[in-house]
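Number of protein chains: 2
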Amino acid sequence: MTEALKLALVDDHDLFREGLSFLLNNQNSKPEIKEVSNGQELLDLLAKWQADIILMDIEMPVMNGIEASNEVMKKYPASKIIALSMHANENYYSEMIDAGAKAFLLKNSSFEEVQQAIEAVMEGRNYFSPEILESIIANLNRKKNQPSKSDLTQREVEILYNICKGLSNQEIAEMLFISKRTVDKHRENILLKTQSKNTASLVIYAIKNHIFEV
Amino acid sequence: MTEALKLALVDDHDLFREGLSFLLNNQNSKPEIKEVSNGQELLDLLAKWQADIILMDIEMPVMNGIEASNEVMKKYPASKIIALSMHANENYYSEMIDAGAKAFLLKNSSFEEVQQAIEAVMEGRNYFSPEILESIIANLNRKKNQPSKSDLTQREVEILYNICKGLSNQEIAEMLFISKRTVDKHRENILLKTQSKNTASLVIYAIKNHIFEV
DNA sequence: TACGCAATAGGTATTTGTACGTAGTGTGTC
DNA sequence: GACACACTACGTACAAATACCTATTGCGTA
Numbered sequence: 040m041t042e043a044l045k046l047a048l049v050d051d052h053d054l055f056r057e058g059l060s061f062l063l064n065n066q067n068s069k070p071e072i073k074e075v076s077n078g079q080e081l082l083d084l085l086a087k088w089q090a091d092i093i094l095m096d097i098e099m100p101v102m103n104g105i106e107a108s109n110e111v112m113k114k115y116p117a118s119k120i121i122a123l124s125m126h127a128n129e130n131y132y133s134e135m136i137d138a139g140a141k142a143f144l145l146k147n148s149s150f151e152e153v154q155q156a157i158e159a160v161m162e163g164r165n166y167f168s169p170e171i172l173e174s175i176i177a178n179l180n181r182k183k184n185q186p187s188k189s190d191l192t193q194r195e196v197e198i199l200y201n202i203c204k205g206l207s208n209q210e211i212a213e214m215l216f217i218s219k220r221t222v223d224k225h226r227e228n229i230l231l232k233t234q235s236k237n238t239a240s241l242v243i244y245a246i247k248n249h250i251f252e253v
Numbered sequence: 040m041t042e043a044l045k046l047a048l049v050d051d052h053d054l055f056r057e058g059l060s061f062l063l064n065n066q067n068s069k070p071e072i073k074e075v076s077n078g079q080e081l082l083d084l085l086a087k088w089q090a091d092i093i094l095m096d097i098e099m100p101v102m103n104g105i106e107a108s109n110e111v112m113k114k115y116p117a118s119k120i121i122a123l124s125m126h127a128n129e130n131y132y133s134e135m136i137d138a139g140a141k142a143f144l145l146k147n148s149s150f151e152e153v154q155q156a157i158e159a160v161m162e163g164r165n166y167f168s169p170e171i172l173e174s175i176i177a178n179l180n181r182k183k184n185q186p187s188k189s190d191l192t193q194r195e196v197e198i199l200y201n202i203c204k205g206l207s208n209q210e211i212a213e214m215l216f217i218s219k220r221t222v223d224k225h226r227e228n229i230l231l232k233t234q235s236k237n238t239a240s241l242v243i244y245a246i247k248n249h250i251f252e253v
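Keeping their order, the protein sequence lines are chains A and B.
Under the working numbering, the first residue of the first sequence is numbered 40, with each subsequent residue one higher.
Under the working numbering, the first residue of the second sequence is numbered 40, with each subsequent residue one higher.
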């Protein structure tokens, strides 16, 4: 008999983790499972116990799935990360894939898909939920048609964040010790880059792109 | 032997449902479990199969947990609803409790808490996650200190929704066939009621209060 | 019947945001 | 050294939002 698969489960929802762990334990091949509830705990765990596969949520307190994946791949490049997300958010999967995730599942996938994803990554293949694939394709076409206008600079992100907090340009200027006119200009550039037409759309953009949390 | 407990599981995340269902099936007392993925499906199910206990998510497509609970309690007042939520959001639990939920759990509760909640509601008691209780207490004190300013009228909600979509007052006026000045006035009243000071804060309020979804 | 309140709408003034210009300075890179 | 680019800043104009007024209509209800 070959050695048991070593599997780390990273999710802040205990109930979800418990259920998934239980399902994984009731297959024919029983993996060795360790559970943690955020990215930091995962790093601590991996220091003493190297997992073959990491099933990782993205939205987590302390250290989220994207940061965690980056760290993990830096230290243990052989790790196979399977991302588990609530939503088919563009930014999530592209960032997770950049960070080295080999598979991407939605939480409304079936357990069968989880098994397929595990099998795939163990064989060196990738695995994506149908919804994710659809979204990837849709994005590919979009990216071709219009050059990337979306990357905000650090300063722009900072200003957008403060806009979301309800500050006016004047207030932001005072807070950052720069001229109101500079903030005006930044705001104008942000509107352009994000293809928004007013404050409301800006705030929605910021939330969708995780620049601001509600 | 007494008849098996009839338990409905309502959640749009298949994986979560599968896991929880599996956990519930592996207790000493095996309930009869039916799974559905939103409120509408639950109502369809209950028409032919009356559940003793309904474990219900709140954020769901088609029909969310709050609407579903209202409908269920109207038609089957003996139902015991246990709410399962991601976040300890004020509005969620107060609305769910209004809608007749007997227990409120967070998804980062343990399975043991789920068992306790089921036991409690079967005995006619309530059950709340510690985080929820904490939040309820905190709110009680807040409510005493400041009179409720938050209830928006239907029209105000409609206008706030359109603001979030990025429409200007002029555009909203045209869409609703009313004067721009009326929209101005509504907007002013919304700012007052929500204690916001500008568009950005308004949008954040709308999202927090589930008037607009990102 | 009287009252509150939601929805409608206008007057007027001020502040804030949006749009399209230009341009200097510093930093990193080919 | 030339070039791109982020950050800074100003001029000007117009659009939109915010603030504080008043006021009418209709509906439900104490």
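We put the beta carbon where it would ideally sit given N, CA and C, even for glycine.
Predicted, not measured: the structure shown is a model, and the values here were computed from it.
- Given 8 Å, three or more beta-carbon pairs between the region 78 to 93 of chain A and the region 93 to 100 of chain B: no
- Query: Among residues of its own chain, excluding the 5 on either side of residue 56(B), which ones have a beta-carbon nearer than 7 Å to its beta-carbon?
  - Reply: 48, 50, 74
- Buried or exposed: residue 163(B), going by 16 or more other Cβ atoms within 10 Å of its Cβ? It is exposed - the Cβ of residue 163(B) has fewer than 16 other Cβ atoms within 10 Å.
- What is the rounded straight-line gap between the Cα of residue 167(B) and the Cα of residue 160(B)? 11 Å
- Task: Give a yes or no on whether 8 Å exceeds the smallest Cβ distance from residue 246(B) to chain A.
- Result: yes
- Task: Apply the 10 Å Cβ neighbour rule to residue 70(A) and answer buried if 16 or more other Cβ atoms are within range, or exposed otherwise.
- Result: buried
- Message: Between residue 205(B) and chain A, is the shortest Cβ-Cβ distance under 8 Å, so that the two count as touching?
- Response: yes
- Item | CA nearest to the CA of residue 239(A), picked from 52(B), 110(B), 199(B), 223(B) | 199(B)
- Item | Euclidean distance between Cα positions of residue 87(B) and residue 153(A) | 32 Å
- Using the C-alpha atoms, what's the distance from residue 253(A) back to residue 54(B)? 26 Å
- Query: In this structure, does DSSP put residue 168(B) in helix, strand or coil?
  - Reply: DSSP places residue 168(B) in coil when its eight states are reduced to three.
- Task: Closer than 7 Å, Cβ to Cβ, to anything on chain B: give me those residues from the region 139 to 152 of chain A, in chain order.
- Result: 146, 147, 148, 149, 150
- Message: Is residue 240(A) close to chain B? Criterion is C-beta to C-beta, closer than 8 Å.
- Response: yes
- Message: Just to confirm my understanding: we take residue 148(A), look at its own chain, exclude 5 residues before and 5 after, and list those with CB closer than 7 Å. What are they?
- Response: 168
- Query: residue 227(B): which of 250(B), 246(B), 191(B) sits nearest, CA to CA?
  - Reply: 191(B)
- Could you work out which residue in 230(A), 251(A), 146(A) is closest to residue 205(B) when comparing CA atoms only? 230(A)
- Neighbour-count burial assignment, residue 68(B), 16 or more Cβ in a 10 Å radius: exposed
- Message: Assuming residue 114(A) is part of the alpha helix (DSSP H), what are its boundary residues?
- Response: Where residue 114(A) is concerned, the enclosing alpha helix (DSSP H) stretches over 104 to 114.
- What do you get for residue 77(B), buried or exposed, if any count of 16 or more other CB atoms within 10 angstroms of its CB means buried? Burial call: buried.
- To the nearest angstrom, how far is it from the Cα of residue 183(A) to the Cα of residue 66(B)? Its pLDDT being 44, under 50, residue 183(A) is placed unreliably in this model, and the value from its coordinates should be taken loosely. C-alpha separation (whole angstroms): 54 Å.
- Message: Could you give the first and the last residue of the continuous alpha helix (DSSP H) run that contains residue 87(A)?
- Response: 78 to 87
- Task: Determine the extent of the alpha helix (DSSP H) in which residue 55(B) is found, giving its start and end residues.
- Result: 53 to 64
- Item | Residue(s) in a DSSP beta bridge with residue 72(A) | Paired residues: 46(A).
- DSSP on residue 95(A), reduced to helix/strand/coil? Residue 95(A): strand per DSSP, three-state reduction.
- Query: Given that residue 243(A) touches chain B, what residues does it touch there, using C-beta distances under 9 Å?
  - Reply: What residue 243(A) touches in chain B: 203, 204, 205, 242, 246, 251, 253.
- Proximity test, Cβ basis, 8 Å: residue 46(B) and chain A: no
- Query: Buried or exposed: residue 113(A), going by 16 or more other Cβ atoms within 10 Å of its Cβ?
  - Reply: With fewer than 16 other Cβ atoms within 10 Å, it is exposed.
- Query: Along the chain, where does the beta strand (DSSP E) that runs through residue 120(B) open and close?
  - Reply: 119 to 124
- Message: Against chain A, does residue 172(B) count as a neighbour if the rule is that its beta carbon must be under 8 Å from one of theirs?
- Response: no
- Is residue 127(B) helix, strand or coil when you go by DSSP? coil
- Confirm, please, whether the CB-CB distance from residue 85(A) to residue 111(A) is below 8 Å. yes
- Message: Output needed in chain order: residues of the region 48 to 59 of chain B with a Cβ under 8 Å from some Cβ in chain A.
- Response: 51, 52, 53, 54, 55, 57, 58, 59
- Task: Thinking residue 127(A) and residue 170(A) are a contact (beta carbons under 8 Å), I'd like their distance in whole angstroms, please.
- Result: 5 Å
- Query: Based on Cα-Cα distance, which residue from 210(B), 212(B), 203(B), 62(B) lies nearest to residue 237(B)?
  - Reply: 203(B)
- Message: I'd like to know whether the C-beta of residue 236(A) is nearer than 8 Å to at least one C-beta of chain B.
- Response: yes
- Task: Would you tell me roughly how many angstroms separate the C-alpha atoms of residue 134(A) and residue 60(A), rounded to the nearest one?
- Result: 26 Å
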